[in-house]
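Residue 158 in UniProt numbering is what sits at position 158 of the sequence shown, and the numbering runs on without skipping anything.
In what follows, a structure is listed as structure tokens, so that the remarks can point back to it.
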Amino acid sequence: EPPKQSRQERIEIYEASLNINPVNMSVIRRLAFQGIPDKPGLRAIYWKLLLGFLPLDQSQWESETKKQRQVYQDWVQELILDPHQKYAKYKEDNPDSSAVEDVTLSDHPLSTAVESTWGQYFKDIEMMDEIDKDVKRTFPHLHFFNKDGKVGSTRHYEALKRILFIYAKLNPGIRYVQGMNEVLGPIYYVCARDVDASEYDASESDAFHCFKNLMSEIRDNFCKTLDHSDLGVTGTMKKFSSLLQETDYEVWEHLENQNMNPQFYSFRWITLLLSQEFDLPEVIQLWDCLFADEARFQFLLYCCCAMISCIRDVLLSNESFAPNLQYLQTYPQDIELVTIIHKAIELRDIRENGKIKESPKEEPESFGSAVLKFFTS
């Protein structure tokens, strides 16, 4: 068994993987799946690659990032309406036009016209208030978001509100759904926590695009019109239930006999990518694995099964519905995330390969040594 690598050696491996052009995504995925070291800015680059924000060609990183940041700023200017500013700008651009008075007469705060700027403005305010209530509940105990009322906390919460609002305006078919803030929170945190205040605008833009790309893959879970179809979250929960039946029939049957509908606990697990079941540092480590999963979020279902497997003895010992429901809805904090991930890998390997390929504990060291040798030779 190879010697365990130091933190610095691991960082060198992960940084070396970014020195190849074009980026080798199979290497990036493999490394990310093992957990990205906590070096300022490193995880942000990995996530931007895994979520399709950064292109594989590093020579395009600067220009593409600059372009996408401008796109976001343009959307902010265009979609966050203020009728007073709109009319002031129109009058400034057209000082001799009498149309300003006509526009003001036809479009006023009490107008019910569909195309009314004021009408849209009030709808936007209503949606922004809804977003604001949820955003204030996003990691309220985390110093990064809540710096004792200082400017920093307001800045970050305002950024979350803008991102969610712009996403809702660009996606009228889904708009804003409660819980999106919980998906955005870790992404924004990873993008913004290691930058200077002068770079917050850039981090906000990057977080928006990463969130948008992630939502393009999981938006069906938030789409109410798909709630009862196999395309939406109901279909995903059915897949989870089938996987649990296959990987641990005894527990599955026990819960079925108790009429424990998977929706009672797995709805939140699946839609929010387990972001509410663990503390933020653990969520970030888990998302390293989920984002690295090439079969997008199939590993999430294995993690859900692993979570149940880790508490199977308690579930089987409870003969009644209520204590098991409480246990599943408030997952015990004494189960370490690494245990769940290793169990999920084991379940996946047994199901997909018929056997356990190798110990998950040994895999990071052996692979890391090989990667380091490859990069430094």
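For glycine and all other residues, C-beta sits at the position ideal for the given N, C-alpha and C.
Since we're looking at a predicted model, the values are computed, not measured.
In this structure, how does DSSP classify A99 when only helix, strand and coil are distinguished?
In this prediction, A99 has a pLDDT of 44, which is less than 50 and means its spatial position is unreliable; what the coordinates show is noted afterwards. If DSSP states are grouped into helix, strand and coil, A99 belongs with the helices.
From Q333 to Q276, what does the alpha carbon distance come to, in whole angstroms?
12 Å
Would you decide whether F53 is buried or exposed? Buried here means 16 or more other CB atoms lie within 10 Å of its CB.
buried
Taking just the CA atoms, how far does E256 sit from K67?
52 Å
Are P209 and Y72 touching if we call contact CB-CB under 8 Å?
Checking the displayed sequence, the identity of residue 209 turns out to be His instead of Pro. Their beta carbons are under 8 Å apart, which means H209 touches Y72 by this criterion.
Sort R7, V233, F278, D248 by Cα distance to V338 and report the nearest one.
F278
Counting only runs that start and end within the stretch 311 to 360, where is the beta strand (DSSP E) found for 3 or more residues in a row?
none
By how many angstroms is the C-alpha of E352 removed from the C-alpha of V251?
21 Å
Touch check for the stretch 117 to 134 and the stretch 254 to 269: three-plus C-beta pairs under 8 Å?
no
Tell me which same chain residues have a C-beta within less than 7 Å of the C-beta of M237, skipping the five on either side of it?
P262, Q263, S266, F267, I270
Looking at the structure shown, is F278 part of a helix, part of a strand, or coil, going by DSSP?
coil
In this structure, does DSSP put L56 in helix, strand or coil?
coil
For E126, three-class secondary structure by DSSP
helix
So A32 and A292 are supposed to be a Cβ contact under 8 Å. How far apart are they, rounded?
4 Å
So what's C191 in DSSP terms, helix, strand or just coil?
helix
Exposed or buried, which one is W34 when buried takes at least 16 other CB atoms within 10 Å?
Reading off the sequence, residue 34 comes out as Gln, not Trp. The residue in question, Q34, is buried, as its Cβ has 16 or more Cβ neighbours within 10 Å.
In whole angstroms, what is the alpha-carbon distance linking I166 and W75?
7 Å
How far does the alpha helix (DSSP H) with E199 in it extend, from its first residue to its last?
Note, E199: premise wrong, no alpha helix (DSSP H); not H, not E.
Alpha helix (DSSP H) segments (min. 4 residues) lying fully within the stretch 262 to 308
263 to 271, 280 to 292
Between the CA atoms of C305 and N221 - distance to the nearest angstrom
19 Å
Keeping to the same chain, check which residues put their C-beta closer than 8 Å to that of G173; ignore five residues upstream and five downstream.
C223
Given L286 as reference, the closest of I36, E246, E12 once Cα atoms are compared:
I36
Just verifying my parser: in three-state terms, what is the DSSP assignment at P186?
helix
First and last residue of the uninterrupted alpha helix (DSSP H) at M25:
25 to 33
Own chain residues within Cβ distance below 7 Å of K39, not counting five before or after:
I11
Would you mind working out which of D349, R219, K169 sits nearest D124, comparing C-alpha positions?
K169
Quick check: the Cα distance between H141 and I13, rounded to an integer number of angstroms?
33 Å
As assigned by DSSP and simplified to three states, the class of G179
coil
Is it the case that the Cβ atoms of L272 and V183 are separated by a distance below 8 Å?
yes
Start-to-end residues for the alpha helix (DSSP H) that takes in I11:
7 to 16
State the DSSP-derived secondary structure class of M260, mapped to helix, strand or coil.
coil
Label F145 either buried or exposed according to how many other C-beta atoms from any shown protein chain fall within 10 Å of its C-beta, with 16 as the threshold for buried.
buried
In terms of residue numbering, what span does the alpha helix (DSSP H) encompassing I174 cover?
Counting along the chain, I174 falls outside any alpha helix (DSSP H), and DSSP gives it neither H nor E.
Look at the alpha carbon of E204 and the alpha carbon of Y188, and state the distance between them as a whole number of angstroms.
7 Å
Spatial neighbours of Q245 within its chain, please: CB distance less than 6 Å, with the 5 preceding and 5 following residues excluded, ordered by chain position.
W252
Determine the extent of the alpha helix (DSSP H) in which I80 is found, giving its start and end residues.
Element bounds for I80: n/a, residue is neither H nor E.
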